[in-house]
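**Q** Residue numbers (our numbering): 762 to 1245.
Following this message is one structure expressed as structure tokens.
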Ligand code: ADP
């Protein structure tokens, strides 16, 4: 295995109540490198009992953590941010090893993950309340913001670091404490972040990381009346389940679920910019992001040219092990992921779509899929309806703007959308007509810690990052002062 500068960042234990523990059962789960299939580490297979203890530790840590001043919490978060930045290379290597993404993308994710910690270290100091003019002379109305309390985060494998910091940082900034259940495929990045949080001086119990049996851990977290909030990033299917499970304790929820992002190219678009935007929005992380373009809606006048330019660009992508500096496309996360992509492509081809490039497993074998462009795709084909989560670009043709908007909005999802046009009036018209939480206009890359990330419809609710992100972790309390 590639050597880390600081071997101590590779932890094979869970972080609970400030201690590094094994599962009570002694059972462990293997973590594998998707590029090679090799086992790189083992982590504890925790379940109900360990989760109960994490909740108790969080409950015990909460009063002292919320009682600290915002400036004190901010300073600790700042220190955590600095340690993440100092350990960028090791964190990136660990991520590529367990997730498969190219090392350059892993470094980019560590920077992105760190930026949430920096941002919320700053926002911690700006959690302002309000004074409202009272209708009676002898009263004063004051609004204060208080931390929600014990929070839980269940996170996915596609961004093993950033999906954790963008939940943990605002929670801790607001005075909440947090239990994280990372994805089973990528626990090492989560545990390494916990090592650095501990080194930063974040007190025991304020942040715990529990790896192991997702369903058992999720059931305890959602059933517990102590856990006041659950934040989840993952599939709409599991999101629905967690919403239902949380009903019994009426929990605060943030849900960042699946997407079916349309990428609309109008006749008047700058085609070179559109192709560059298509490459980053589709093929980043081998198509495994919830804001990845899932269907390209291309206007008649430029359809053939856009297709040709995209195929040319895709032909230049280098597929391989993420640790190889030349690699631009890593493997898919696991066998079910590649089976699903293969199935969607086969279904499209059987329904009349044409493979312009790729269309099958890559010669490297394993879970490598060849970067693919499909033309003659109909909007009703499964590949344009379901979330692909792989390096496949289906190209659908449209005639006019109204048809493009109708097709784009014809989805249960509403996370990200993209449009390329040089007409300023159309930018506003279409930008406002799209039923999506985020719209990239003449760009394929929209993620930043300073902007609100989140969706509408069955893509979920709540916003992460930006000045809005901390609101998901506070309660508004109204103090009515009478008899003055
Ligand atoms: P994906 O299909 O991308 O793996 P999932 O929604 O299945 O997305 O997984 C996202 C996160 O949800 C992971 O941490 C996973 O372990 C967790 N998860 C999956 N099933 C459950 C469940 N029944 N209860 C709680 N967490 C779950």
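In this text, a Cβ means the ideal position worked out from N, Cα and C, and glycines have one as well.
Given the structure is predicted, the values throughout are model-derived calculations rather than measurements.
Is it buried or exposed, residue 1016, if we count other Cβ atoms within 10 angstroms and call 16 or more buried?
**A** For the purposes of this step, residue 1016 is taken as the residue at position 255 of the chain shown. Residue 1016 should be labelled buried.
**Q** Mind listing, in chain order, the continuous alpha helix (DSSP H) runs of no fewer than 4 residues lying wholly within the region 964-1018?
**A** As far as the region 964-1018 is concerned, its whole alpha helix (DSSP H) runs of at least 4 residues are 975-984 and 997-1007.
**Q** Determine, using beta carbons only, whether residue 1127 and residue 1092 come nearer to each other than 7 Å.
**A** Taking the first residue of the chain shown as 1, we reach residue 1127 at position 366. Taking the first residue of the chain shown as 1, we reach residue 1092 at position 331. Cβ atoms of residue 1127 and residue 1092: closer than 7 Å.
**Q** By Cβ distance below 6 Å, which residues in the same chain neighbour residue 1210 in space, the five residues on each side in sequence not counted?
**A** Position 449 of the chain shown, counted from the start, is the residue given in the question as residue 1210. If we look at residue 1210 and ignore the five residues flanking it on each side, its Cβ neighbours are 876, 877, 880 and 1226.
**Q** Please determine whether the Cβ atom of residue 1038 lies at a distance below 6 Å from any heavy atom of the ligand ADP.
**A** Translated into positions along the chain shown, residue 1038 becomes position 277. No, the ligand ADP has no heavy atom inside 6 Å of this Cβ.
**Q** For residue 1261, which option in 784, 820, 892 and 873 has the closest C-alpha, if you only look at C-alpha atoms?
**A** For residue 1261 there is no data in the structure shown, the boundaries of the chain being 762 and 1245.
**Q** Could you check which residue in 973, 1076, 1103 and 1100 has the C-alpha nearest to that of residue 1090?
**A** Numbered from 1 along the chain shown, position 329 holds the residue referred to as residue 1090. Looking at the Cα atoms, 1076 is the closest of the given residues.
**Q** If you follow the alpha helix (DSSP H) that residue 901 is in, where does it begin and where does it stop?
**A** Residue numbering aside, residue 901 sits at position 140 when the chain shown is read from its first letter. Not the alpha helix (DSSP H): residue 901 falls in the beta strand (DSSP E), residues 901-908.
**Q** From the beta carbon of residue 910, is the nearest beta carbon of chain D less than 7 Å away?
**A** Of the chains in the structure shown, none is chain D; there is only one protein chain.
**Q** State yes or no: is the C-beta of residue 917 nearer than 6 Å to some heavy atom of the ligand ADP?
**A** On the chain shown, residue 917 is found 156 positions in, with the first residue counted as 1. Indeed, a heavy atom of the ligand ADP lies less than 6 Å from the Cβ.
**Q** If you scan the region 782-831 from start to end, which runs of the beta strand (DSSP E) of 3 or more residues do you find wholly inside it?
**A** Complete beta strand (DSSP E) runs here, min 3: 789-793 and 800-805.
**Q** Measuring only the C-alpha atoms, how far is residue 811 from residue 784?
**A** Working through the chain shown from its first residue, we reach residue 811 at position 50. Working through the chain shown from its first residue, we reach residue 784 at position 23. So the two alpha carbons sit approximately 7 Å from each other.
**Q** With H, G and I counted as helix, E and B as strand and the rest as coil, what does DSSP make of residue 1054?
**A** Position 293 of the chain shown holds residue 1054. Three-state DSSP puts residue 1054 in a strand.
**Q** Look up residue 1158 in the DSSP assignment and give the residues it is bridged to.
**A** The count along the chain shown starts at 1 and reaches residue 1158 at position 397. In the DSSP output, where bridge partners are listed per residue, residue 1158 has 1059.
**Q** So the candidates are 1199, 962, 972 and 872; which of them puts its Cα closest to the Cα of residue 952?
**A** The count along the chain shown starts at 1 and reaches residue 952 at position 191. Of 1199, 962, 972 and 872, the residue nearest in Cα terms is 972.
**Q** Which residues share a DSSP beta bridge with residue 1202?
**A** For this step, residue 1202 is matched to residue 441 along the chain shown. Bridge partners of residue 1202: 1180.
**Q** For residue 766, which residues in the same chain have their Cβ closer than 6 Å to its Cβ, ignoring the five residues on either side in sequence?
**A** The residue given as residue 766 occupies position 5 in the chain shown. So the list reads 851, once near-sequence residues are dropped.
**Q** Output the residue ranges of the beta strand (DSSP E) runs that lie fully inside the region 1077-1150 and measure 3 residues or longer, sorted by chain position.
**A** For the region 1077-1150, whole beta strand (DSSP E) runs of length 3 or above, ordered along the chain, are 1115-1118 and 1133-1138.
**Q** Rounded to a whole number of angstroms, what is the C-alpha to C-alpha distance between residue 921 and residue 1032?
**A** Position 160 of the chain shown, counted from the first residue, corresponds to residue 921. Position 271 of the chain shown, counted from the first residue, corresponds to residue 1032. For residue 921 and residue 1032, the distance between alpha carbons rounds to 33 Å.
**Q** So, at 6 Å on beta carbons, what are the nonlocal neighbours of residue 1062 in its own chain, with the 5 sequence-adjacent residues on each side left out?
**A** In the chain shown, the residue the question calls residue 1062 occupies position 301. Cβ within range, chain order: 1028.
**Q** In whole angstroms, what is the alpha-carbon distance linking residue 748 and residue 1193?
**A** What the structure shows of the chain is the stretch from 762 to 1245, and residue 748 is not part of that stretch, so it cannot be assessed.
**Q** Taking the alpha-carbon positions, what's the residue 794 to residue 1100 distance?
**A** Numbered from 1 along the chain shown, position 33 holds the residue referred to as residue 794. Numbered from 1 along the chain shown, position 339 holds the residue referred to as residue 1100. Residue 794 and residue 1100: Cα-Cα distance of roughly 18 Å.
**Q** Rounding to the nearest angstrom, what Cα-Cα distance links residue 999 and residue 827 in this structure?
**A** Within the chain shown, the letter at position 238 stands for residue 999. Within the chain shown, the letter at position 66 stands for residue 827. Near 31 Å, if we compare the C-alpha coordinates of residue 827 and residue 999.
**Q** What did DSSP end up calling residue 741 once you bin it into helix, strand or coil?
**A** No answer is possible for residue 741: the residues shown for the chain start at 762 and end at 1245.
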